[in-house]
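Asks: This is the structure I have questions about; it appears just below.
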Amino acid sequence: MSAPASFSLLYFGQPLLDISAKVSVKVLKQYGLNSNDMILADESHQPLYKEVQDHRNVTYLAGGSCQNSARGSQWLLPANSTCYVGCVGRDDAAKKLREAAHADGLRVEFVVDESLPTGKCAVLITGQDRSMAASKMSATTLESNEIWSLVENAQIFYTVGFLLKGSHDAIMKVAEYSSANNKVFAFNLSAPFLPEVFREELAQVIPHCDYLFANNLKTSSIRDIAMHLAKIPRANASSRPRTVIITQGPDPVIVATLHGVKSYIVPQVRFSDIVDTNGAGDGFCGGYLAALAVGKSTRLCVRSGLFVAGEILKQEGATYPKTAPHSKPWDEFSIEGCCSLQ
Numbered sequence: 001m002s003a004p005a006s007f008s009l010l011y012f013g014q015p016l017l018d019i020s021a022k023v024s025v026k027v028l029k030q031y032g033l034n035s036n037d038m039i040l041a042d043e044s045h046q047p048l049y050k051e052v053q054d055h056r057n058v059t060y061l062a063g064g065s066c067q068n069s070a071r072g073s074q075w076l077l078p079a080n081s082t083c084y085v086g087c088v089g090r091d092d093a094a095k096k097l098r099e100a101a102h103a104d105g106l107r108v109e110f111v112v113d114e115s116l117p118t119g120k121c122a123v124l125i126t127g128q129d130r131s132m133a134a135s136k137m138s139a140t141t142l143e144s145n146e147i148w149s150l151v152e153n154a155q156i157f158y159t160v161g162f163l164l165k166g167s168h169d170a171i172m173k174v175a176e177y178s179s180a181n182n183k184v185f186a187f188n189l190s191a192p193f194l195p196e197v198f199r200e201e202l203a204q205v206i207p208h209c210d211y212l213f214a215n216n217l218k219t220s221s222i223r224d225i226a227m228h229l230a231k232i233p234r235a236n237a238s239s240r241p242r243t244v245i246i247t248q249g250p251d252p253v254i255v256a257t258l259h260g261v262k263s264y265i266v267p268q269v270r271f272s273d274i275v276d277t278n279g280a281g282d283g284f285c286g287g288y289l290a291a292l293a294v295g296k297s298t299r300l301c302v303r304s305g306l307f308v309a310g311e312i313l314k315q316e317g318a319t320y321p322k323t324a325p326h327s328k329p330w331d332e333f334s335i336e337g338c339c340s341l342q
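Letter by letter, the sequence shown follows residues 1 to 342 in the UniProt record's numbering.
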């Protein structure tokens with residue numbers, strides 16, 4: 001590992017080798033999967049990985065939702081603005097992940113776990129929808145002095161709910177450090193089922209959150225839930241108010257603070273331009289945090305997130321165009337279709 005450097009954004013996640021293929025709905029039913037959903041795979045899903053790898057149109061990507069977001073932030077920001085930390089096995093998949101991240105300009109610092117292989121995720125594309133099944137992977141650790149030096153030099157931290165399984169202590173260490181040092185801690189609930197599975201862990205994490213992301217919450221009272229999450233007391237009473245951001249696909253983005261709830265209209269992407277939806281939510285978070293890192297308002301952060309999500313919809317898989325826009329999405333008059341209040 002090279003000498004620690006200062007980064008605006010430091011992401012903590014579970015790196016995955018995405019194994020992606022277009023399949024029939026029959027395959028989803030065979031493995032008990034739903035469209036536009038993500039699960040943690042169990043033994044019954046293990047044959048799925050080989051089935052997807054043997055598919056004639058299989059592709060491989062450096063994935064994991066947090067790494068997707070980190071690549072999105074770096075796509076918009078100057079070089080060396082973003083760093084991603086995760087844990088991998090000592091195998092060829094880890095080598096491929098490093099190469100893919102570097103190709104996108106993202107610095108990665110992988111801790112190697114000799115006991116487990118690098119995580120993988122089957123991405124099943126049906127039309128413009130996707131279903132994802134992620135395998136067990138190594139837990140993230142911050143015991144390395146080099147990794148903790150990155151924490152001390154960063155200003156904004158982001159991690160995801162899936163890391164609660166096996167890496168709760170690492171998340172809490174960063175969250176508590178952030179609260180104590182007036183830095184920004186952002187967290188993504190990741191999937192609708194996680195609040196039920198990790199209720200106690202979330203009760204410890206959320207008080208430290210400055211920004212809390214969620215998506216596709218299956219409820220009719222989404223504005224009330226957003227406000228409830230915003231009002232959960234901060235671990236540090238002197239900390240800034242929490243901002244809760246809930247995305248709903250093409251439906252309005254809900255943003256809640258102690259001052260109330262706002263909804264932002266999502267610009268339409270022509271149906272004919274949509275390739276698939278894989279990674280769009282991750283891109284939103286990456287775009288939002290990139291704008292936050294350069295000091296933009298909530299409206300422009302949402303606008304930046306929606307722009308990046310819209311660009312991913314036009315790509316195959318969770319990938320970004322090779323060239324970032326010359327005018328940034330948080331520039332007031334740079335991109336058509338300004339994010340507006342509903």
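Glycine included, each C-beta is placed from N, C-alpha and C at the ideal position.
Is the stretch 38 to 57 in contact with the stretch 73 to 84, if contact means three or more CB pairs nearer than 8 Å?
Replies: Short answer: they don't touch.
Asks: Which residue's Cα is closest to the Cα of Ala309: Glu51, Ser65, Gly13?
Replies: Nearest C-alpha to Ala309: Ser65.
Asks: How big is the Cα-Cα spacing for Glu316 and Lys296?
Replies: If you take the alpha carbons of Glu316 and Lys296, they lie about 29 Å apart.
Asks: Grouping DSSP H, G and I as helix and E and B as strand, with all else coil, what is Ser327?
Replies: Ser327: coil per DSSP, three-state reduction.
Asks: Report the start-end ranges of each beta strand (DSSP E) in the stretch 6 to 87 that is 3 residues or longer and not cut off at the edges.
Replies: 9 to 12, 16 to 22, 37 to 40, 59 to 63, all fully within the stretch 6 to 87.
Asks: DSSP state of Ser190, grouped into three classes?
Replies: Here Ser190 sits in coil by DSSP.
Asks: Could you please give the first and the last residue of the uninterrupted beta strand (DSSP E) stretch that includes Gln268?
Replies: Counting along the chain, Gln268 falls outside any beta strand (DSSP E), and DSSP gives it neither H nor E.
Asks: Quick one: what does DSSP say Phe213 is sitting in, helix, strand or coil?
Replies: If DSSP states are grouped into helix, strand and coil, Phe213 belongs with the strands.
Asks: Would you mind stating whether Thr277 and Leu313 have Cβ atoms separated by less than 8 Å?
Replies: Closer than 8 Å, so yes.
Asks: At 4 residues or longer, what runs of the alpha helix (DSSP H) sit wholly inside the stretch 229 to 309?
Replies: Segments of the alpha helix (DSSP H) lying fully in the stretch 229 to 309: 280 to 293.
Asks: By Cβ distance, which residues of its chain are closer than 6 Å to Leu300, with the 5 residues on each side in sequence left out?
Replies: If we look at Leu300 and ignore the five residues flanking it on each side, its Cβ neighbours are Ala291, Trp330.
Asks: When the Cα atoms are used, what is the spatial distance from Arg199 to Ile206?
Replies: Between Arg199 and Ile206, the C-alpha separation is close to 11 Å.
Asks: Along the chain, where does the beta strand (DSSP E) that runs through Lys120 open and close?
Replies: Residues 119 to 126.
Asks: What number of angstroms, rounded off, separates the C-alpha of Phe162 from the C-alpha of Met38?
Replies: The straight-line gap from Cα to Cα measures roughly 11 Å.
Asks: Among Ser238, Pro241, His259, Ile265, which one has its Cα closest to the Cα of Pro250?
Replies: For the residues Ser238, Pro241, His259, Ile265, the minimum Cα distance to Pro250 belongs to Ile265.
Asks: How about Ile254 and Ala226: do their beta carbons lie closer than 8 Å?
Replies: Yes, these two residues count as a Cβ contact at 8 Å.
Asks: At a cut of 8 Å, does the stretch 171 to 185 reach the stretch 107 to 122 through at least three beta carbon pairs?
Replies: Result no; under three Cβ-Cβ pairs closer than 8 Å.
Asks: To the nearest angstrom, how far is it from the Cα of Glu196 to the Cα of Lys231?
Replies: Rounded to whole angstroms, Glu196 to Lys231 spans 19 Å at the Cα level.
Asks: Whose CA, out of Val25, Lys183, Glu146, lies closest to the CA of Val85?
Replies: If we check each option's Cα against that of Val85, Glu146 comes out closest.
Asks: Among the candidates Asn153, Val58, Thr126, whose CA atom is the shortest distance from the CA of Tyr11?
Replies: Nearest C-alpha to Tyr11: Asn153.
Asks: My output table needs one value for Ala133: the three-state DSSP class, helix, strand or coil.
Replies: Strand, per DSSP.
Asks: Give a yes or no on contact between the stretch 122 to 129 and the stretch 9 to 23, applying the rule of three or more CB pairs nearer than 8 Å.
Replies: Judged by Cβ distances under 8 Å, the stretch 122 to 129 makes contact with the stretch 9 to 23, as three or more pairs qualify.
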